[in-house]
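Number of protein chains: 2
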Amino acid sequence: MSGDPADDIMAATYRALCRHGYADLTMQDIADETDRSKAALHYHYDGKADLFAAFLEHLADEFEAHVTAHEGPDAADRLVDLATSLLDPPPQDDDCRFQTAMLEVKAQAPYDETFRERLVAVDDRLRREVRSLVEAGVDEGTFRADADPERAARFVATVVNGAHTREVAVGRDAADVEALIERYVDRELGAAAGDRR
Amino acid sequence: MSGDPADDIMAATYRALCRHGYADLTMQDIADETDRSKAALHYHYDGKADLFAAFLEHLADEFEAHVTAHEGPDAADRLVDLATSLLDPPPQDDDCRFQTAMLEVKAQAPYDETFRERLVAVDDRLRREVRSLVEAGVDEGTFRADADPERAARFVATVVNGAHTREVAVGRDAADVEALIERYVDRELGAAAGDRR
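So the sequences go chain by chain: B and R.
Going by our numbering, 945 is the number at position 64 of the first sequence; the sequence numbering is gapless.
Going by our numbering, 1003 is the number at position 122 of the second sequence; the sequence numbering is gapless.
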């Protein structure tokens, strides 16, 4: 509860979203997660829509830091590390249903141009990172010369979204999907896949 | 607007959902899509939650008919036909945002046990069909002997959910993903994949 008011408010918005979901979220709910009044929040943001646009911008900044932080000795390891880190989000329990709230936000995108833009930016950024990892892997000889960066990007973006959706909708653990990613990297991209069969 | 009242009301619910989304949907919106009054709807259903539970049951029945209707000379064709039929839903335009409404419903699942049960039933049914197609393909020699039915089922369920979510959230055409499914069937399951590389 100290430092930059914007940082405090973003952290409070995350907690409030976890607790209340997006549809029912009020400025008061967010204020309740800070030591500020609702009026103080309105000093910084015009209202829920404005605050929430800033929150999605904040998530995009966090994603930018996250998406480049993957580790490993080669491109295959870094790609698996990136994908599995996205599949291994904070647990969905009664105290924090962040993935559920994000699914509500995704369902709002057709009605809200600002939401749509932010979600597209994150999706584009993820696909760009996957393409760049596949290109690096081809260059260093970890991946086959004919590994397709665009197809891999679409695969990872689709599987990550699908895993998050199924986690919320049918209670499937997103981590179950890590093996699908590993196998894809191994067999579809990996230079050694042919030998290993 | 003739025949079984339940059929009429289910069709009206589909149209109302396309038009208004789930969160804002009212019994009046549904009545407006029929030649019945709101009071007549209340004669058949206790309220929105009861009507909507019946609607999800109706969708599950339709899915049951759909999931077994795939065609093709062998299991590979039937599996691709099934997956692509799920990726090729009615267009998302201003007149019908059915996928958007379904994403809202999925985001409600953690709060609504009835929704959750219906969504799980559809997910289970899809995975069962994929498993059974993979087993048939192994038996008939279309797929490799070591093709893994459970892994294929998880792959198809995850990719279909991911494609639908990205279509709503970031405006990506779900049909883009058909090539991922075809390639999976070809390379991960297909007996000829090794020769073709």
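We treat Cβ as the ideally placed atom computed from N, Cα and C, and that holds for glycine.
Remember, it's a predicted structure, so these values are computed and weren't measured experimentally.
Given residue i as reference, the closest of the options once Cα atoms are compared
i, options, result
"H923/R", "M908/R, R1012/R, T894/R", "M908/R"
"D1057/B", "R1035/R, G1052/R, V986/R, A1044/R", "R1035/R"
"E1069/R", "D885/R, L960/R, P991/R, E985/R", "L960/R"
"T981/R", "L1014/R, R1064/R, A935/R, Y895/R", "Y895/R"
"D910/B", "G1043/B, I890/B, V1066/B", "I890/B"
"Y903/B", "E945/B, D942/B, G1052/B, K987/B", "K987/B"
"R1064/B", "E943/B, A1033/B, T949/B", "A1033/B"
"F996/B", "R900/B, A930/B, T1023/B", "A930/B"
"R900/R", "D969/B, D962/B, P991/B", "P991/B"
"D1067/R", "E945/R, Q989/R, D927/R, D958/R", "D958/R"
"A946/R", "L932/R, L967/R, P954/R, G928/R", "L967/R"
"P954/R", "F933/R, D913/R, A1017/R", "A1017/R"
"A1028/B", "R978/B, G1071/B, E1059/B", "G1071/B"
"D905/B", "H925/B, F933/B, A1060/B", "F933/B"
"D888/R", "D969/R, H925/R, E1059/R", "H925/R"
"I1062/R", "L963/R, K919/R, G928/R", "L963/R"
Below-8 Å beta-carbon distance, residue i vs any chain R residue
i, result
"A991/B", "First, the amino acid is wrong: residue 991/B is Pro here, not Ala. Output row for P991/B: interface = yes."
"V833/B", "Residue 833/B lies beyond the stretch modelled for chain B, which goes from 882 to 1078, so this question has no answer here."
"E1031/B", "no"
"D1004/B", "yes"
"V1015/B", "no"
"E1021/B", "no"
"R1086/B", "The requested residue 1086/B is not part of the displayed model; chain B covers only 882 to 1078."
"E1069/B", "yes"
"T981/B", "yes"
"V1001/B", "yes"
"A1026/B", "no"
"A921/B", "no"
C-alpha distance - residue i paired with residue j, whole-angstrom precision
i, j, result
"E952/B", "D993/B", "35 Å"
"D1004/R", "V1001/B", "27 Å"
"G1075/R", "V1019/B", "Confidence in G1075/R is poor, its pLDDT being 42 and thus under 50, which makes the residue's placement too unreliable to answer from."
"P886/B", "L940/B", "16 Å"
"T965/R", "D942/B", "35 Å"
"Q989/R", "R917/R", "28 Å"
"D927/B", "E1021/B", "50 Å"
"C977/B", "T1023/R", "45 Å"
"H969/R", "E1010/B", "First, the amino acid is wrong: residue 969/R is Asp here, not His. Near 28 Å, if we compare the C-alpha coordinates of E1010/B and D969/R."
"E913/R", "E1059/R", "A small fix is needed here, since residue 913/R is Asp in this sequence, not Glu. Going from the Cα of D913/R to the Cα of E1059/R covers about 37 Å."
"F944/B", "R1006/B", "9 Å"
"K919/R", "K919/B", "40 Å"
"F979/B", "F979/R", "24 Å"
"A921/R", "A921/B", "49 Å"
Chain A within 8 Å of residue i, Cβ atoms only
i, result
"A1034/B", "No chain A appears in this structure, whose protein chains are B and R."
8 Å Cβ cutoff, residue i in contact with chain B
i, result
"K987/R", "yes"
"D1057/R", "yes"
"E938/R", "no"
"R978/R", "yes"
"A1044/R", "yes"
"V1040/R", "yes"
"A941/R", "no"
"C899/R", "no"
"A893/R", "no"
"L1061/R", "yes"
"A1050/R", "yes"
"L984/R", "yes"
"A904/R", "yes"
"R1077/R", "Because R1077/R carries a pLDDT of 35, less than 50, the predicted location of this residue cannot be relied on, and no value is offered for it."
"M882/R", "Legend: pLDDT at M882/R = 48, less than 50; position of this residue unreliable, value from coordinates given subsequently. With 8 Å as the cut-off, M882/R does not count as an interface residue toward chain B."
Distance between beta carbons of residue j and residue i, contact taken as under 8 Å
i, j, result
"A1038/R", "R1008/R", "5 Å"
"L984/R", "V1049/R", "5 Å"
"T915/B", "A935/B", "About 14 Å separates the two Cβ atoms, so there is no contact after all."
"A956/R", "L898/R", "Actually they do not touch by this definition, with Cβ atoms about 34 Å apart."
"G1043/R", "T1046/B", "7 Å"
"E938/B", "R1025/B", "38 Å between Cβ atoms; not a contact."
"R1012/R", "E1031/R", "6 Å"
Check: residue i C-beta below 7 Å from any heavy atom of the ligand SAH
i, result
"H947/B", "In terms of ligand content, the structure shown is empty, and the ligand SAH therefore cannot be addressed."
*the region 945–966 of chain B: which residues have C-beta closer than 9 Å to a C-beta of chain R, in chain order?*
So the list is empty, because no residue satisfies the distance condition.
*For the region 924–937 of chain R, which residues have a beta carbon sitting closer than 7 Å to at least one beta carbon of chain B?*
Here the close residues number zero.
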